[in-house]
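Student: First the structure, then my questions, so here it is.
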Amino acid sequence: MALGLIALIVFLFLFADTVEIGLAWAGIALGIFLFLWLCAYLWRRRRARRANKNLGDMLEQQVQTGAAAANRGDVDALRTRLVQAVRTIKTSKIGQVSGNEALYELPWYIVIGNPAAGKSSAVINSGLQFPFADKNGAAVRGVGGTRNCDWFFTTEGILLDTAGRYSVHEEDRNEWMGFLDLLKRHRPKAPINGIIVAASIDELTGAGPEFAINLAKNLRQRVQELTDRLEVFAPVYIIFTKADLISGFSEFFSDSDQRERDRVWGATLPYGAEENRDVLALFDERFDELYEGLKEMGTAQISLRNNRELPPGLLTFPLEFAGIKPALRTFLSTLFETNPFQYKPVFRGFYFTSALQEGVSQSTSTERLAERFDLRPAARGQARNVSSHNGFFLRDLFSSVIFADKKLVRQHASPAKTRMRYLTFFGLVLALGLVLGGWSWSYLGNRQLAQNVQADLDKVVRLQSERTDLQSRLEAMEILQDRIEQLDRYSASRPWSLGLGLYQGDVLKERLLAEYYNGARQFMLSPVKVSLEDFLAKVDMSGAAAAAGGTPKPAPQALRAAHAAGGDTLFQDASPTNADDAYNALKTYLMMANRQHVDPTHLSDQITRFWRGWLETNRGAMPRDQLIRSAERLISFYVSRAPDAGWPQIDTNLALVEKTRASLRAVMQGMPARERAYATLKARAATRFQTMTVARIVGENDAGVVAGSYAIPGTFTREAWEQYIQPAINEAAKKEVQTSDWVLGVNARDDLTLDGSPEQIQKSLATMYKTEYAQEWQKFLRGVTIKPFTSFEQSVGAMNRLGDPQTSPIAKLINTAYEQTSWDNPSLVNAGLQQAQSGVVGWFKRVILRQTPPAPTPATNANGEAIPMGPVGREFSDVARLVVTRENQSLLGNYMGALSKIRTRFNLLNNQGDPGPGSLVLLRQTLEGKDSELADALKLVDEQMLAGLSATQRETLRPLLVRPLIQAYAVAMQPAESELNKVWNAQIYQPFNQTLAEKYPFASRASVEASSDEIGQVFGPQGSIAKYVNDTLGPLTVRRGDILTARTWGDMGVSLQPTFTANFAQWVAPLSGGAAGAGAASQPQTLFQIQPKPASGVTEYTIEIDGQQLRYRNTPPQWVNFVWPNAQGAPGARITATTFDGSVVEIVNEPGRFGLERLIATAQRTSNADGSFNMSWGKSNVTVPVKLRIISNAQAPGAGGSEPGGSQGLRNLRLPSSVVGATSESSSAQTRPGAPQ
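At position 670 of the sequence shown the residue is numbered 670 (the UniProt record's numbering), and the sequence of numbers has no breaks.
Next comes the structure, spelled out in structure tokens:
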């Protein structure tokens, strides 16, 4: 890491110019890398410290819970020593590792082996440094899970010498396994760094093969337990101890120096966890190498003796060493035997050591040689004893081999852990996929949102570039407003498709708001500002006039007069002579300049008042209703955004403001103190209580169903009356009122006690408040509307909301109006008390005791006088009548039941798949007033709910109650009209197109004539058109003769298309002429005359019509009579001419009943002043001219024409594809476009 960082530094600063990296950028990059490296280093250090602390705490906890109570006194000393060692190692410096990381950073090794195998001796005599060694020895006896183990804390590592008893006693085994689990938890990557297996050569060679095999199996089980429990592949080091007991060891190594004795004697094998590695082959190879080395070493020592007496061991030790190979090989073959049910230990190496050089060696090889050759060993003295302070072959084994391999440990996965890893891996892959998929989804959603916003902006620009009228500006603002409102909804409840940290709606909304506010400044704020300033300038002049002697009417009086004269008119033209209007205008002007003072209700009302004139002037061709809706929506949105920091404001004319304030102050000084105090109370209440709106009452879920055009200031709510207005009135009647008006910038005190007694003042103020309270709630209810249903599917959802007796927005509105107005109706208090008493006791008295309930006692005041009904109670007594329950029923409940039935009917129609047939039945039933939920509901409203109401209350309540019914009927007409058109299509339009449309006379160029039977099946009094009108359309229409008009319910009926109504009389009139058939006995006939004219190039010509013949030979012309149709002759028309050479030319030949019509249609015609016609036919340079006049025409009116033929009304006729609803395309025209006339 350090070398890489240095290389990066050199590269950045030496090759910055080569790779065109600025020196500053190189420094920044280097700083970033250094910062990242420092963060990684500090994180590793912190992790090491935390892990070290956890290990220490774990060991201390083991100590505290280590021994049973019975043995606790025996192990106190051991526990104290272990705690001291652990705490010391956590706070000291051991080797090159600081104490606060030693327990975690130092390698951990576990030493296992048979008891008395020399494990502890090998560790103690290894030459390692034991910083905690004392008079008790280098080992620290464990307590708890390691109470049968010895701890060896060295400067290079930690060795844990297991005694082996944990494999015998179950209690010891469980605590040992618990210790291993804790070790794995706090050292997860490398719980241990290796396993040292100690085996005594003396035991392996002296006890026989069975001992070696059993020992190897036991040790293999211990290794397997460590591998399974700790889930690591730790290298296994085999130490064959007590090598000094091999005969000749002391003599062979007697001359070796200390360095030779510290070296490693053994073989380190390549590290690998492959199970197919041949351990025995590697052992044989390395053991033979050691044997050859011993022989070479022995030969070298013999050569150095110079014929001196040689110790026998110098010659026999290599042979003795070779003799132990079979026992060691048996041990290793069993220890590292391949077992499909166990992990194969990682054989790192085998080593020979001698720690104490004690005991007596036996020369097995010498004895075998002596026995084989019958020799007797020579008597000799005792062999020289060889010893080493650090033992033989131990020092470098631990320092240079075992501790040096501390990073070779590898983790392995148990089946459960493997499954968990797979689950984790695939879970992470799935999570990553979900995250990436979610981000991609969110990215695409945000990109689409950005594209939609850009498309809206482009559309806005295009609208304003193509058109410059007010309508285009309002449409552009509505586009921006719709998108901003959508983004507001996203901010409140962000969809997953736009979230996940990628949401860009806030940035887009800021851009849209900037554009929207710019538009609002241009054509709303600027005109309103100009209008307000013009008005305030006039107020200023009228104020000056008032100061000079004029007496403008006080504002409250003017307000009451306006209400008396105009009722509840929402928008009245402001008068500069009205102090109230002037005050409101000044307040609006100041609000638009400072959003801190915005009162939404007041500002909306006044902007509408002062913007209305400019809108009307610039309306152009825009419909007034659309203009009003767009302006109201724009104003509402603008006012609602007042809390925004970027809310557009105007710059005020300070001089104009001060002049207006001065004028109004002069007027206010003449206003009665009572009215000033009342105005102050209202202003204070408006800031303390929430505005009452339709959206607040019905909630967000019903905001798309019900809307309101008026919001009541918080001043006029029941909460305001009970919590502030009433106490404030009582207080104002008894002491001075502090008046603070930010609009006029004045602070004053009014003492109302000077105007009369407190009771009179309270009554006067309360009456003023209640009167205005009632007016505000009347405005509110009149402004409530049910939003139009755009489709039948949408109407089903809306009716589900409206018809729910529990959550219906209509019920909420009426109940809220009742709750907000019933406080001024004393009789409702009595009704509430009576209802409270009509529980179980009341039922018992009525049903069991047959007692008549007493009449309610009128409400009285403290003096026992009846409390009169106040203005609010009088105005809304009928609302209370709708809500109050009598005999467990209420008119409102009955109305909600009726709406619920309509909801059920609409759901039934919707569930039918095609609501057309059911809607058609509903319309018929409603018009007939039978079995119709709509008709029943309207009857309930008019005959029960509104019966006996005053005109004012009726005008207030009826629209609210009737609108859902009207909307439901209107939306039901859509599928009903569609069904009517489908029936028309199936019964008339399609059959007509298939049988008649391509035949004459319906196609003037057709060669095939329509028979009279075919025509009569569609047209005429008995045709399918007449039957359709009588059977299908009849219940929905009124027929007066041949004139059709739609029946209406609630001023609504099906929309009959003009093409259908205009031609209906002709389509159902009796058929005449050729259309009636040639054999009709009572068929009306047409009498006409033909006068031939001379024709050049012919000697004669003949005209035949239905068997009647005119033969002309250029003689003086005469009129010839004809009748049509002529039942005695063959139907048809024919003209022939004979030329001078005697040849006959057939000019026209039109057979059939419509022959005359075709004959006339093919003629060149001109009309004469006397009503006759000049006609001519030509062919092959032969022209036949005649003159025709009609004597009598017996055709039905509208069925024929001014010419004989009788089927002029059917010629080129095309039926419309629909008869009700929107006007159809050109296919519905009476005559096919382009058809010859």
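Virtual Cβ for every residue (Gly too), placed ideally from N, Cα, C.
Source: prediction; values computed, not measured.
Which residues does DSSP list as the beta-bridge partners of Arg1189?
Tutor: Walking along the sequence shown from the start, residue 1189 turns up at place 1189. DSSP, once it has assigned bridges, lists Gln1089 as partnering Arg1189.
Student: Could you compute how far the alpha carbon of Ser1217 sits from the alpha carbon of Glu928?
Tutor: Against the sequence shown, residue 1217 aligns to sequence position 1217. Against the sequence shown, residue 928 aligns to sequence position 928. The straight-line gap from Cα to Cα measures roughly 28 Å.
Student: Which residue wins for smallest C-alpha separation from Pro131, given the options Trp151, Ile112, Pro1058, Arg185?
Tutor: For the purposes of this step, residue 131 is taken as residue 131 along the sequence shown, with counting starting at 1. The residue with the shortest Cα to Cα distance from Pro131 is Trp151.
Student: Rounded to a whole number of angstroms, what is the C-alpha to C-alpha distance between Glu533 and Glu515?
Tutor: The residue you call residue 533 lines up with position 533 of the sequence shown. The residue you call residue 515 lines up with position 515 of the sequence shown. Approximately 26 Å between the Cα atoms of the pair.
Student: Between the region 969-981 and the region 1054-1067, do three or more beta carbon pairs fall short of 8 Å?
Tutor: yes
Student: Let me check one thing: in DSSP terms, what residues is Trp1177 bridge-paired to?
Tutor: Position 1177 of the sequence shown, counted from the first residue, corresponds to residue 1177. Paired residue(s): Val1184.
Student: Check whether the Cβ atoms of Pro964 and Ile814 lie closer than 9 Å to each other.
Tutor: To locate residue 964, count along the sequence shown from 1; it is residue 964. To locate residue 814, count along the sequence shown from 1; it is residue 814. For Pro964 and Ile814, no; Cβs fall outside 9 Å.
Student: Are Asn825 and Ala774 closer than 9 Å when you measure CB to CB?
Tutor: In the sequence shown, the residue the question calls residue 825 occupies position 825. In the sequence shown, the residue the question calls residue 774 occupies position 774. Cβ atoms of Asn825 and Ala774: not closer than 9 Å.
Student: CA-CA distance, Ser279 and Phe347?
Tutor: Residue mapping note: residue 279 aligns to position 279 of the sequence shown, counting from 1. Residue mapping note: residue 347 aligns to position 347 of the sequence shown, counting from 1. The question names Ser, yet the displayed sequence has Val at residue 279. About 7 Å.
Student: Would you call Gln760 buried or exposed, if buried means 16 or more other Cβ atoms sit within 10 Å of its Cβ?
Tutor: For the purposes of this step, residue 760 is identified with residue 760 of the sequence shown, where counting begins at 1. Exposed.
Student: Between which two residues does the alpha helix (DSSP H) carrying Thr418 extend?
Tutor: Start at 1 with the first residue of the sequence shown, and residue 418 comes out as number 418. Counting along the chain, the alpha helix (DSSP H) containing Thr418 begins and ends at 415-466.
Student: List the residues that DSSP assigns as beta-bridge partners of Ile158.
Tutor: In the sequence shown, counting from the first residue as 1, residue 158 sits at position 158. DSSP lists Trp108, Phe153 as the beta-bridge partner residues of Ile158.
Student: Classify Gly208: buried if its beta carbon has 16 or more other beta carbons within 10 angstroms, exposed otherwise.
Tutor: On the sequence shown, residue 208 is found 208 positions in, with the first residue counted as 1. Exposed is the call here.
Student: Is the region 623-640 close to the region 576-585, with three or more CB pairs under 8 Å?
Tutor: The region 623-640 vs the region 576-585: no contact.
Student: Can the beta-carbon of Leu940 be found less than 9 Å from the beta-carbon of Asn894?
Tutor: The residue labelled residue 940 in the question sits at position 940 within the sequence shown. The residue labelled residue 894 in the question sits at position 894 within the sequence shown. Their beta carbons are under 9 Å apart, which means Leu940 touches Asn894 by this criterion.
Student: If the criterion is Cβ atoms closer than 9 Å, does the pair Trp439 and Gly501 meet it?
Tutor: Translated into the one-based positions of the sequence shown, residue 439 becomes position 439. Translated into the one-based positions of the sequence shown, residue 501 becomes position 501. Yes, the Cβ-Cβ distance between Trp439 and Gly501 is below 9 Å.
Student: Kindly confirm or deny that the region 893-913 and the region 800-807 touch, where touching means at least three C-beta pairs closer than 8 Å.
Tutor: yes
Student: Does the separation of the CB atoms of Glu475 and Leu457 fall below 9 Å?
Tutor: Working through the sequence shown from its first residue, we reach residue 475 at position 475. Working through the sequence shown from its first residue, we reach residue 457 at position 457. Result no, Cβ atoms of Glu475 and Leu457 do not sit closer than 9 Å.
Student: Measure the Cβ-Cβ separation of Ile1090 and Trp1049 and say whether it is below 9 Å.
Tutor: On the sequence shown, position 1090 is the one that residue 1090 refers to. On the sequence shown, position 1049 is the one that residue 1049 refers to. No, they are not a contact pair.
Student: Helix, strand or coil for Met869 per DSSP?
Tutor: One-based indexing of the sequence shown puts residue 869 at position 869. Three-state DSSP puts Met869 in coil, outside helix and strand.
Student: Gly613 lies in the alpha helix (DSSP H); which residues open and close that run?
Tutor: Locating residue 613 in the sequence shown gives position 613, where the first residue counts as 1. 600-617 is the span of the alpha helix (DSSP H), which, as asked, contains Gly613.
Student: Considering just the uninterrupted stretch of the alpha helix (DSSP H) at Ser900, what are its terminal residues?
Tutor: Here residue 900 is taken as the residue at index 900 of the sequence shown, counted from 1. Counting along the chain, the alpha helix (DSSP H) containing Ser900 begins and ends at 891-911.
Student: Tell whether a beta-carbon distance below 9 Å holds between Ala198 and Ile246.
Tutor: Residue 198 sits at position 198 when you count from the first residue of the sequence shown. Residue 246 sits at position 246 when you count from the first residue of the sequence shown. Not a contact, by the Cβ cut-off of 9 Å.
Student: Below 8 Å, how does it come out for the region 1008-1015 and the region 1035-1044: are there three or more Cβ pairs, yes or no?
Tutor: As far as the Cβ criterion goes, the region 1008-1015 does not touch the region 1035-1044, which means the pair count is below three.
Student: According to the neighbour-count rule (16 or more other Cβ atoms, all chains shown, within 10 Å of its Cβ), is residue 1260 buried or exposed?
Tutor: This structure cannot speak to residue 1260, because the chain is shown only from 1 to 1237.
Student: Return the CA-CA distance between His412 and Thr227, expressed in angstroms with no decimal places.
Tutor: As a working mapping, residue 412 is identified with position 412 in the sequence shown. As a working mapping, residue 227 is identified with position 227 in the sequence shown. Cα to Cα, the separation comes out at about 8 Å.
Student: Can the beta-carbon of Ser354 be found closer than 9 Å to that of Phe398?
Tutor: Residue 354 sits at position 354 when you count from the first residue of the sequence shown. Residue 398 sits at position 398 when you count from the first residue of the sequence shown. The answer is no: Cβ separation not under 9 Å.
Student: In chain order, what residues of the same chain have a beta carbon less than 6 Å from the beta carbon of Leu487, not counting five sequence neighbours either side?
Tutor: For the purposes of this step, residue 487 is identified with residue 487 of the sequence shown, where counting begins at 1. Once the five neighbours on either side are set aside, the close Cβ partners of Leu487 are Gly505, Lys509.
Student: Pull up the distance between the alpha-carbon of Leu603 and that of Met477, whole angstroms please.
Tutor: As a first step, residue 603 is located in the sequence shown; it is residue number 603 there, counting from the start. As a first step, residue 477 is located in the sequence shown; it is residue number 477 there, counting from the start. The alpha-carbon atoms of Leu603 and Met477 are separated by roughly 19 Å.
Student: By Cβ distance below 7 Å, which residues in the same chain neighbour Gln129 in space, the five residues on each side in sequence not counted?
Tutor: The residue given as residue 129 occupies position 129 in the sequence shown. Cβ within range, chain order: Thr154, Thr155.
Student: Return the CA-CA distance between Ser542 and Gln778, expressed in angstroms with no decimal places.
Tutor: Here residue 542 is taken as the residue at index 542 of the sequence shown, counted from 1. Here residue 778 is taken as the residue at index 778 of the sequence shown, counted from 1. Residue placement at Ser542 is poorly supported in this model, since its pLDDT is 49, which falls under 50; the coordinates are not used for a value here.
Student: What residues match up with Pro1151 in a beta bridge as DSSP calls it?
Tutor: Taking the first residue of the sequence shown as 1, we reach residue 1151 at position 1151. According to DSSP, Pro1151 bridges with Gly1132.
Student: Any idea what DSSP makes of Ile1103, helix, strand or coil?
Tutor: Within the sequence shown, residue 1103 is the residue found at index 1103, counting from 1. If DSSP states are grouped into helix, strand and coil, Ile1103 belongs with the strands.
Student: If we require 4 or more residues per run, which alpha helix (DSSP H) segments fall completely within the region 766-798?
Tutor: none
Student: Taking only three categories from DSSP, how would you classify Tyr517?
Tutor: Residue numbering aside, residue 517 sits at position 517 when the sequence shown is read from its first letter. In this structure, DSSP gives Tyr517 a helical state, which the three-state scheme calls helix.
Student: Quick check: what's the CA-CA separation for Lys787 versus Ala707?
Tutor: Reading the sequence shown from its first residue, position 787 is the one you call residue 787. Reading the sequence shown from its first residue, position 707 is the one you call residue 707. The straight-line gap from Cα to Cα measures roughly 7 Å.
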